[in-house]
Structure formats: C-alpha cells, structure tokens
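J.: So that we are looking at the same thing, I have put the structure below in structure tokens.
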Amino acid sequence: MMLFYVFLPVVTYFVTRAVMRSFRPEFGGCPNAGILWLHPFRALSLFVGRWFPLHYQIGYYRSEFRFYNKYGSTALGSVLPWGATPTLWLADAQAIKAITCDVSVFEKDVEAYEVLHVYGRSMIGTEGAEWKRHRRVAGSAFNEGINALAWMETTRILKEWTEELDSQVGSNGTISLSTVEDLTQLTLLIVACAGFGRREPWKEDISTATLGGHKLRFRAAVLRSVAIESLLINSFAPSWLARLRLPWVSRIVSETSDTYEALRVHMLDLVSLSRAWMVDGKVDSGMGAGILRNLVEASTNELDGDRKSLTDDEVLSDIFTFLIAGHETSAHALSFAIGLLALYPDVQDKIFKETLDVWPHGLPEIATPASYKECMPKLVYTLATLHESMRLFPPLSRFAKVTRAETTLVARRFIRNKAGQPDKVKAFSIPVEPGSIVIVDIMALHRNPLAALYWGEDVEEFKPERFIDTETYSWPRDAFFTFSGGARSCVGQRFALAEGVCILASLVRRYEIILPSHLVEKPFEEQRRLLLRWKPGLTIVPMDCRVRLRRRGSCP
Ligand code: HEM
C-alpha cells in the first residue's frame, strides 16, 4: 500500500509529462515549459515555496528571467495537472500592460486572496461591482493630504526611533540594525496613524499591555496576523481542533484564533472612535484617519442602499487589508533598499549629497504639512534608488489573473547572440482560452534584459540612474510593475513612495550604512547574495538583511 502512494505521483508525473510533451509542444508559438506542480499564486504555495525543491521546474520562486532565457521567449506556457488548466507566464511589458488594462477579459485571481478574508470580504479580494464599491469608498482617501501626513508621521517616528538607535552604539562606534524587524514596526505605525488616526510611540509601553481588556497589544496583534502561517491556520484548521487538547496543534490553533479575535477588538475600537468623532463633528481632526473615516461613513450609509455603502464586516476586512498591505510591502521594500545601500556606498554618497541640499542643518525635529511638498520633489535620486531597489526586489514578485473570454496576446521570441545576449527579437501571437491562468511575473519582467523595451544588458546591476529621465532618455515605465498597473494597481503607491523616500533620505542623512562585520571580508558577489537572500511569503521576505549604522559627524 505504502509503495502505491509513493509511486502513484511519480508515475502520474511521467505520464502527464509525456502526454503533454507529445501533444502540446507549444501554446500557439509559446514554448511549453512543462507541468506546474503548485498553483503559483496560492497562500499554500507561498508557504511551500520556501522549500520548493524543483529548481529547474517552472514555478520555482527564485528563477527570475532564467526560464524565459532558456526557451528564448518572453512568454511561457505550462499546465496545472489538476483540471489541466493552461497557465501562461509573462515577462513581456506589452502583454502585461494589455492584461492589466483589459479588466473585462482578465480578472483578478480573487481566490488567491481568500486567506485575507478573515473578517469579511474586502477590496483586495473582490471583483466587478463589489470591488468598485470598496475602491470608491477607500480610494478617495489616497490623495496628497494623506501622503503629506505619511511624511509628517514618518518624521515623528523616525526621531524616536533614531534616538533609540543612538542609545545602542557599540564599542566600535556602530549600531546593529535588523532591518526587517524595525522597518516592519515603523511602517505599521505610519499607516496606523496616517490612515487610521492611531498614533503610537515608537517604544511600546508594555505596562499597558492588556489595558482596555485587550488580550494582545495592537502592534503584536497586527504583526502576528500577517504571518502566512497564521493566515493558513486560520483558513484551513477547523476551530474544534483547539478543544481537542492535542499536544502542540490545539495550542497553535487556539493562539491563532486569539490573535485574530484580539485584532478584531482593536479594529472595533477604531471604528467606535471614528463614529464618536463623526458625532462630535470632528471631521478633520488633523490626526489623519482619512481611510478609517471613509470606511466608517460608508457603513453608516449601508441602510440607505447607497452605492458607496459597506457592511460592518466589510469595514473590518478593509481595515485589516490596509493595515497588512500598507506595511509589509513597504517594510520589505525598504529592507532591500537599505541592504543595497550598504553594498553600494557610492549610491549612498549621492543620496547624502542630495539630502544636504534639502536639510543643510540636519534632520528636522518635526515636519509641517508643507514638508512633503517641499522635500519630495528635491529627493530625485533617493526616489530613483527606491525604484531601482524595488525593480530588483519587487515585494509582490508575481500575481495571477484569470481569463474570462477567448483572446490573443502578443509576446516576443529571441535568440541569443555569440556574447550570450538576447537578440533577433520577433513578435508572435498567443491564443488564450477562457479559464486560463495568466501569471504576471514581475520579478522576471524587471530582469528582462532585452534592449529598447526593457532594462538592457546591465539588468542585474543596481543602478538608480536608470530611473532618472534625461533629455535623451526616458525610463521604461511600462516595464516597471512593482505596483501593478491599470484599474487594479496599488491604491497606496504614492503613500508608499512618500514614506519610503522620507525614511531612506533621513537614515542616510544621519548615518552611514555599512555591511555587518561577518560580511566585510567576503567577495562582493557573496556579500550581495548573503545580505539579500529572501523567501516567499505574502510578499518576498528578506531573510538576513542586517546592517550596521555609523552616525555621521555632520548631522546634529
Ligand atoms: C512598496 C510598497 C507597496 C507595494 C510594492 C505594493 C504593491 C501592490 C500590488 C502589486 C498590488 C496589486 C495586487 C494584485 O493585483 O494582486 C497592490 C494592491 C493594493 N495595495 Fe499595495 N503596495 C505597496 C504599498 C501599499 C500601501 C502603503 C497601501 C495602503 C496604505 C497599499 C494598499 C493596497 C491595496 C488596498 C491594494 C488592492 C487594490 C485593489 O485591489 O484595488 N499598498 N499593491
């Protein structure tokens, strides 16, 4: 019996592979790269993807442009054995643009986001009229006002954070920084304040841990809920497991459910506060909370059947979505950026020079509502650095669309010249059947070396200059998909750029970012590989991005 279970998958693999190879060598001119063992954009595959052993099989998370190079095509076909679903992989700017602009044919793969529907349905995991209702409500909060608030809030928390960092200077004059840990807290505090009016100090007051009957503090509740393990347990483990007293399992299930319950209570507190503000007429409290206000107002319209209305569960689910989408992405993007700055001191020097013009007398203690408008346009190189780091490490490295009607996409085939560079590019059409899955392979697109349309031969290099327009050069906007594109693009893009630029510029203005001591003696390629290692999670997660900071003499 045992042998049967071991051999069945192996036999299935070879049989299916053989059948596919013989009957379907190509998808309308698009090379068939084989069987996909895991749906490439499901929470489970993100979890399993950390250990995915089939590095030479399509679907491997860290493959970047490798498979496209191997087959000489910017589009690849593959098949999910379950249901024999055709799955198209794209690292082609024009085809991706066509997909993201045609929302009637290519819908969001909302099933992938079901794990986020802990409290109800939300903007990120819905489609059509339901999604429009959510987006109409929350979307209008994302204006220049919230970006300016994000800037001010970033400045406030940075001051407290850097004071703590300064108190940790070691005997060698440097401070160790575990980027993911600190930036996760930082970006969470920023979105909680600018979006939801919840202003917290950098250093949590642990003595107030359970004040107000909370089982878990707000920050801990959000951070635990975002872990892919918690989301999977919450989605798939039945709650009765907690009552069975099974060693380990029952405890984990029970703790997970407590975490989401604790967060629900915190979010209900926010909603009550916002309702109280509305009753008191505190429409513009100066505290931010624009997203919260819009959501809560929409829930009070519910009974009128207003097209801008949301149910109470939808409000909680949207708050949850914004808290999660609004911090993890930014924290990981910034961790990679800081790691890259440690590796490239010349880039750091250029940012430092830029910040000297903006803050000649050192970092401001507080920012005013005008600071964002004054500083952001001057920090051109800092913004280019953030863009370039998100090109190499896009937090959402791939996402999926489901095809609803028969259509055709155009991609490109190429052959490599003697120097190994892609050459002789030729467009070809791919017929796409309804029901097919299309993977927008952002990381591969960002590492596509084809000239003209994309990033060029130096695609692997970290060069912020490629994001700065000149008289003769305009950076290829259509080949940059970190925030997706079209109607379903990231609603928080400008918010993320505002906080990101403020954090990077301020950090470099105050500190020199240097490599951790265990990497100093290693060759550059190894330093880069070790510092920037990542694993898949909800977004790509830096695994060991630790740097050191040395206070700059010229910064008061
Ligand atoms: C570096 C930071 C960020 C990156 C790279 C990023 C990336 C993305 C991407 C690629 C999508 C599209 C996902 C898909 O179609 O499956 C998206 C959607 C979304 N993002 Fe972001 N995001 C970032 C920051 C933020 C922030 C700061 C917020 C809110 C404060 C936010 C809120 C959202 C929401 C609500 C959606 C869903 C939009 C919709 O479905 O209409 N994101 N983001």
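All residue numbers for the sequence shown refer to the UniProt record's numbering, where the first residue is 1 and numbers rise by one.
Don't be surprised by glycine CBs; every beta carbon is placed ideally from N, CA and C.
(1) Could you give the first and the last residue of the continuous alpha helix (DSSP H) run that contains residue 133?
(2) Can you tell me where the alpha helix (DSSP H) holding residue 350 begins and where it ends?
(3) Would you list the one or two residues that DSSP bridges to residue 106?
(4) Pull up the distance between the alpha-carbon of residue 126 and that of residue 106, whole angstroms please.
(5) Going by DSSP, what residue range makes up the alpha helix (DSSP H) through residue 440?
(6) Which full runs of the beta strand (DSSP E) of 3+ residues lie inside the region 405–479, going along the chain?
(7) Work out the CA separation of residue 40 and residue 443 for me, nearest whole Å.
(8) Under three-state DSSP, which class holds residue 62?
(9) State the beta-bridge partners of residue 368 as determined by DSSP.
(10) Within a Cβ cutoff of 6 Å, which residues of the same chain sit near residue 153, ignoring the five residues on either side of it in sequence?
(11) Buried or exposed for residue 421, please, with buried defined as at least 16 other CB atoms from any protein chain shown within 10 angstroms of its CB.
(12) If we count the other Cβ atoms within 10 Å of its Cβ and call it buried at 16 or more, is residue 54 buried or exposed?
(13) Heavy atom of ligand 1 less than 7 Å from the Cβ of residue 395, yes or no?
(14) Hey, would you say residue 270 sits closer than 8 Å to residue 156, going by beta carbons?
(15) Return yes when at least one heavy atom of ligand 1 lies under 7 Å from the C-beta of residue 490, else no.
(16) Does the count of Cβ pairs from the region 392–403 and the region 479–488 closer than 8 Å reach three?
(17) Take the Cβ of residue 22 as the centre, count every other Cβ of all protein chains shown within 10 Å, and call the residue buried at 16 or more, exposed below.
(18) Given a cut-off of 8 Å on the beta-carbon distance, is the pair residue 111 and residue 121 in contact?
(19) Rank 349, 295 and 361 by C-alpha distance to the C-alpha of residue 139 and give the top, closest one.
(20) Applying the criterion that 16 or more other CB atoms from any shown protein chain within 10 Å of the CB defines a buried residue, is residue 238 buried or exposed?
(21) Report the rounded CA-to-CA distance for residue 285 versus residue 274, giving the unit in angstroms.
(22) Are the CB atoms of residue 335 and residue 500 nearer to each other than 8 Å?
T.: Result, derived from the coordinates:
(1) Element bounds for residue 133: 128–139.
(2) Segment 345–358, the alpha helix (DSSP H) holding residue 350.
(3) Looking at the DSSP assignment, residue 106 forms a beta bridge with 403.
(4) So the two alpha carbons sit approximately 13 Å from each other.
(5) Per DSSP, residue 440 lies in no alpha helix (DSSP H); the unbroken beta strand (DSSP E) holding it starts and ends at 437–440.
(6) At a cut-off of 3 residues, the continuous stretches assigned as beta strand (DSSP E) that sit fully inside the region 405–479 are 407–416, 422–432 and 437–440.
(7) In a straight line, the C-alpha of residue 443 is about 13 Å away from that of residue 40.
(8) Residue 62 falls in the coil class under three-state DSSP.
(9) Beta-bridge partners assigned by DSSP to residue 368: none are found.
(10) So the list reads 190, 193 and 194, once near-sequence residues are dropped.
(11) Counting C-beta atoms within 10 angstroms of its own C-beta, residue 421 has fewer than 16 neighbours from the protein chains shown and is therefore classed as exposed.
(12) In this structure residue 54 is exposed. Its beta-carbon is surrounded by fewer than 16 other beta-carbon atoms within 10 angstroms.
(13) Yes, Cβ of residue 395 sits closer than 7 Å to a heavy atom of ligand 1.
(14) No, Cβ-Cβ distance for residue 270 and residue 156 is not below 8 Å.
(15) At least one heavy atom of ligand 1 sits closer than 7 Å to the Cβ of residue 490.
(16) As far as the Cβ criterion goes, the region 392–403 touches the region 479–488, which means the pair count is three or higher.
(17) Confidence at residue 22 is low in this model, with a pLDDT of 45, below 50, so the placement of that residue is unreliable and no value is reported for it.
(18) Note that the C-beta distance between residue 111 and residue 121 is not below 8 Å.
(19) Across the set 349, 295 and 361, the C-alpha of 295 shows the shortest separation from the C-alpha of residue 139.
(20) With a 10 Å radius around the Cβ and a threshold of 16 neighbouring Cβ atoms, residue 238 comes out exposed.
(21) Residue placement at residue 285 is poorly supported in this model, since its pLDDT is 49, which falls under 50; the coordinates still yield a value, given next. C-alpha separation (whole angstroms): 10 Å.
(22) Against a cut-off of 8 Å, the Cβ pair of residue 500 and residue 335 comes out as no contact.
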